[in-house]
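Each remark here refers to the structure printed beneath this line.
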Amino acid sequence: MTYDRKLMRNGNGWALSLNATVLKFLDIDPKVNMVRYTMENDTLKITKSDKKVSENK
Numbered sequence: 688m689t690y691d692r693k694l695m696r697n698g699n700g701w702a703l704s705l706n707a708t709v710l711k712f713l714d715i716d717p718k719v720n721m722v723r724y725t726m727e728n729d730t731l732k733i734t735k736s737d738k739k740v741s742e743n744k
């Protein structure tokens, strides 16, 4: 599965929007689950984190 997505301006940085299809594929509920970003060489991996949103407050 491959998606090309446009980055959106967010303050001094840039944000990537994950659509419902990607969230469903990764089994992520953004109200409950956090995501993990992993950099490997020239690749950004986004996976479901073991941490929950409530743990980050």
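In the working numbering, the protein residues as written are 688 to 744. Note that the Cβ used here is the ideal one computed from N, Cα and C, for glycine as well. Predicted, not measured: the structure shown is a model, and the values here were computed from it.
- Taken atom to atom, the span from the alpha-carbon of Arg723 to that of Lys738 is near 9 Å.
- Rounded to whole angstroms, the separation of the alpha carbons of Arg692 and Asn699 is 19 Å.
- One alpha carbon belongs to Glu727, the other to Lys711, and they sit about 24 Å apart.
- In this model, Asn720 and Lys735 are separated by some 7 Å (Cα to Cα).
- Separation of Ile733 and Leu703 (C-alpha to C-alpha, rounded to the nearest whole angstrom) is 11 Å.
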